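Trainee: Just so you know, the sequence shown maps onto residues 127 to 397 in this note's numbering.
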Amino acid sequence: MTDEAPETGAPPHLPRGLTIRALLPNAITVAALCSGLTGIRFAIVDDWEKAVLAVIFAGLLDGIDGRIARLLKAESRFGAELDSLADSLSFGVAPALILFLWSLGDLPRFGWLAALAFAICCVLRLARFNARIDIHDQPHKSASFLTGVPAPAGAGLAMLPLYLWIASGQDLFREPILVAGWVAVIAFMMISNMATLSWTSLRPRRNVRLEMLALSGLVSAALLTEPWWTLVGICVIYLLLIPYGIMAYARIKRQRAVRKVKPLDLDSVPL
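Shown next as structure tokens:
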């Protein structure tokens, strides 16, 4: 006789299914996915305003599903994978097809390559995020910064020419060569290693927090009255904050380097 347990051939322990409290954040993620894909449906029938709004609504839902999961303590690997898959479709595939149907289709080959580049870069960014999700030693993350432009922001920036075209009616903003170049730039920024600001890195001083609340209210009102010019303004402000984020992270990086280099204590050196 041996002390070894007999092999029963039982399957390995499988992970438990989703808990009840995990259903809500994952349902919001699925709703964001449906909203982003519905934007493609609106673009097929040339309803460009609804197509843009569908992607923006997907971005709003994407911004709250993770926070609700943390609030309910319902974070899971399933939710993280579902969120990344939904983001790749809502903020990668959907904007690429919308822009192709709106403008890039006039350059069948080069325009399609630009649309493909955007979708692929979005997927690569999300894959990089998933690959690093369990890595704690991330310089940007530890300083409350992001690496590259996040997928929802990238989708919003890529559609900037579409906002301008709807707001002004000028066909210049629909020029496929200009749109393709712009989409390629945003695609590169999504997979770049530059440090970008996150919500946690924005810490306004206490003496201006009431002003920030008033400003957020004004922005909300502007989105209701002049949505397209307001979206243009938000994109411009975000682009202007990118150099600030790079310089802010460079300053933090220098401070970390100074803290690591300790001065030599001459009294402790043996003679």
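Just so you know, even glycine gets a beta-carbon here, dropped at the ideal spot from N, CA and C. In this text, all values refer to a predicted model and were calculated from it rather than measured experimentally.
1. With DSSP as the reference, identify every bridge partner of L163, one or two as the case may be.
2. With a Cβ-Cβ cutoff of 9 Å, do A169 and W238 count as a contact?
3. Quick check: the Cα distance between E175 and D191, rounded to an integer number of angstroms?
4. Assign T145 to one of three DSSP states: helix, strand, or coil.
5. Helix, strand or coil for L215 per DSSP?
6. Over what stretch of residues does the beta strand (DSSP E) that includes L304 continue unbroken?
7. Would D164 and A180 be called neighbours here (beta carbons separated by less than 9 Å)?
8. F271 bridges to which residues according to DSSP?
9. When the Cβ atoms of the segment 309-324 are set against those of the segment 273-289, are three or more pairs found closer than 8 Å?
10. Are there three or more Cβ pairs, one per stretch, closer than 8 Å when the segment 280-298 is compared with the segment 207-218?
11. To the nearest angstrom, how far is the alpha carbon of L286 from that of E201?
12. Check for me: the alpha helix (DSSP H) holding A227 runs from which residue to which?
13. Confirm, please, whether the CB-CB distance from A245 to L230 is below 9 Å.
14. R377 by DSSP, collapsed to three states: which one?
15. From the DSSP output, in three-state form, read off L198 for me.
16. Assign P151 to one of two classes, buried (16 or more other C-beta atoms within 10 Å of its C-beta) or exposed (fewer than that).
17. Out of curiosity, what's the CA-to-CA distance linking V358 and D173?
18. Taking only the alpha-carbon atoms, compute the straight-line gap between I368 and A313 and give it to the nearest angstrom.
19. Report the rounded CA-to-CA distance for V362 versus V345, giving the unit in angstroms.
20. Could you check whether A206 and A310 sit closer than 9 Å to each other, using their CB atoms as the reference points?
21. Taking the straight line between their C-alpha atoms, what separation do you get for R380 and G189?
22. Less than 9 Å between the beta carbons of F271 and L341, yes or no?
23. Straight-line CA distance for L187 to A153?
Mentor: So, from the data block:
1. The partner list for L163 (beta bridge, DSSP) is empty, contrary to what the question assumes.
2. no
3. 25 Å
4. coil
5. helix
6. No beta strand (DSSP E) contains L304, which is instead part of the alpha helix (DSSP H) from 302-317.
7. The residue asked about is misnamed: residue 164 is Thr in this sequence, not Asp. In this structure, A180 lies closer than 9 Å to T164 by Cβ.
8. L323
9. yes
10. yes
11. 33 Å
12. Checking the displayed sequence, the identity of residue 227 turns out to be Leu instead of Ala. Taken as a continuous stretch (DSSP letters only), the alpha helix (DSSP H) holding L227 covers 220-228.
13. no
14. helix
15. coil
16. buried
17. 19 Å
18. 15 Å
19. 14 Å
20. no
21. 31 Å
22. no
23. 10 Å
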